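The sequence shown stops at residue 1016 when you use this note's numbering, and every number in between is there.
Glycine included, every Cβ here is placed at the ideal spot set by N, Cα and C.
Bear in mind that the values here come from a model prediction, so they are computed numbers and not experimental data.
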Amino acid sequence: MPKLDLKAIDARVGNGYPHPHNLPCDHRINYALGDAGGLDQFGVNLVTLPAAKSGEESWASQRHWHSAEDEFVYILSGNCTLVDDTGETPLSTGDACTHKANDGNGHHLVNTSGSDVTFLVVGARRPENDHCRYADIDLDLPATGQSDRDYFHKDGTPY
């Protein structure tokens, strides 16, 4: 595979969460580098969380954990906070964190700083088998045996 032309990769701004869970993540900018390179064993995403504005935080995701997908995050530039079941951990340029599949530790990254933060996320691709659970909200993304999945309330009713 030749070098990826990063300027040719479309940015996806926002997220796929149903309202109102989408709001804290609406400004997230994501470049699907793995997709652009044709990878299908794992995903690689270049993510930017814009600087916090007017006291609002910029979130990478809702706090979640995966049953069948490991995740690795490497901070390329800026500062953010890892929020998980153990509390808040500051991350800055050169820091990394990992999230083991099925550990039950809901996690996400939050930018409360006045500057953008950019990071790489690498994760397994097992949507057919992965159940993504959300720690703090009424949201569930169960494994269905298919790669395309829909969000549900925790009681099983669809959004």
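- The secondary-structure analysis by DSSP pairs A953 across a beta bridge with Y931.
- Listed in chain order, the non-local C-beta contacts of S970 below 6 angstroms within the same chain comprise N936, local neighbours out to five positions each way being set aside.
- For I886, same chain residues with a beta-carbon under 6 angstroms away, outside a window of 5 residues either side, are A868, V870 and T905 in chain order.
- Separation of V901 and D941 (C-alpha to C-alpha, rounded to the nearest whole angstrom) is 22 angstroms.
- DSSP, read as helix, strand or coil, puts G873 in coil.
- Between R983 and A917, the beta carbon gap of about 20 angstroms keeps them out of contact (Cβ cut-off 8 angstroms).
- DSSP lists G944 as the beta-bridge partner residues of D941.
- Cβ contact annotation for H988 (same chain, cutoff 6 angstroms, sequence separation greater than five): S924, P999 and A1000, in chain order.
- Going by beta carbons, L861 and G894 fall inside the 7 angstroms limit.
- Contact between Q919 and L996 holds: their C-beta atoms lie close to 7 angstroms from each other, under 8 angstroms.
- By the beta-carbon neighbour count (other beta carbons within 10 angstroms, threshold 16), Y1016 is exposed.
- Here L998 is bridged, per DSSP, to C989.
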